[in-house]
Ligand SMILES: C[S@@+](CC[C@H](N)C(=O)[O-])C[C@H]1O[C@@H](n2cnc3c(N)ncnc32)[C@H](O)[C@@H]1O
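Residue numbers (this note's numbering): 418 to 627.
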């Protein structure tokens with residue numbers, strides 16, 4: 418589901434950008450560390466591209482593919498990320514079918530980033546399944562999510578548009594990661610369980626020389 422006007426303004430506001438850069442990113446780095454120099458990253462629901470900029474500058478990805486359902490966001494991201502040249506590929510499409518959107522192969526990415534997007538997806542479990550599929554063994558999933566607890570608040574209900582059925586608590590989101598074989602390296606909730614931040618890894622199969 419696309420963002421409405423109020424959410425677009427809030428998400429792209431200077432305070433949110435400040436929080437993302439100086440609070441969320443350091444916490445995600447504490448849980449999951451920086452990427453290896455040749456790492457290929459994917460950002461799902463990239464919005465106007467600020468997250469992808471951080472993935473390159475702060476997490477140290479070599480390249481980032483970024484997908485968003487909203488063509489207007491992809492255009493904005495294109496303007497923001499133009500200076501990174503061919504290190505960035507931007508595609509309009511859905512995080513629930515990354516093969517259709519990006520031709521993403523199984524195990525094609527060393528890291529996947531989710532800056533507050535999975536709660537926008539009606540079939541959110543399909544997006545989690547795709548994240549697990551496209552991660553390489555040893556790869557990491559960095560996530561920041563908004564839970565059912567936050568979405569049920571009157572302010573959220575009044576101001577923003579989100580799917581109303583089958584939203585997830587922090588525990589349900591973490592359980593879904595585990596169901597797809599991802600191992601949580603660290604996670605935390607904030608503001609009475611409204612927000613969930615964490616990093617999960619796709620295990621390297623036993624006996625592999627990776
Ligand atoms: C709350 S915004 C977050 C944007 C960006 N990650 C950020 O932090 O600024 C959610 C984004 O998810 C996108 N989105 C919603 N459903 C999607 C889907 N199925 N696949 C990809 N992107 C989706 C929206 O268009 C929107 O840009």
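Note that the Cβ used here is the ideal one computed from N, Cα and C, for glycine as well.
Closer than 6 Å by C-beta to residue i: which residues in its own chain qualify, once you throw out the five before and the five after it? Chain order, please.
i: residue 458; result: 472, 478, 481, 528
i: residue 491; result: 485, 507, 509
i: residue 604; result: 615
Distance, Cα to Cα, residue i vs residue j?
i: residue 571; j: residue 455; result: 44 Å
i: residue 613; j: residue 555; result: 22 Å
i: residue 525; j: residue 548; result: 10 Å
i: residue 449; j: residue 460; result: 16 Å
i: residue 489; j: residue 463; result: 11 Å
From the DSSP output, read off the bridge partner residues of residue i.
i: residue 383; result: No answer is possible for residue 383: the residues shown for the chain start at 418 and end at 627.
i: residue 457; result: 480
i: residue 523; result: For residue 523, which the question treats as bridged, DSSP gives no partner whatsoever.
i: residue 528; result: 458, 557
i: residue 506; result: 482
i: residue 446; result: Paired residue(s): none; residue 446 is not in a bridge.
Give a single yes or no on whether residue i has its beta carbon closer than 7 Å to a heavy atom of ligand 2.
i: residue 537; result: You won't find ligand 2 in this model; what it holds is ligand 1.
Can the beta-carbon of residue i be found closer than 8 Å to that of residue j?
i: residue 584; j: residue 594; result: no
i: residue 611; j: residue 564; result: yes
i: residue 602; j: residue 617; result: yes
Would you please state the rounded distance, in angstroms, between the beta carbons of residue i and residue j? I believe it to be under 8 Å.
i: residue 562; j: residue 543; result: Their Cβ separation, rounded to whole angstroms, is 15 Å, which puts residue 562 and residue 543 out of contact at 8 Å.
i: residue 483; j: residue 505; result: 7 Å
i: residue 421; j: residue 578; result: 5 Å
For residue i, which residues from the same chain have a beta carbon less than 7 Å from its beta carbon, with the 5 sequence-adjacent residues on both sides left out?
i: residue 566; result: 586, 609, 610, 611
i: residue 451; result: 476, 477
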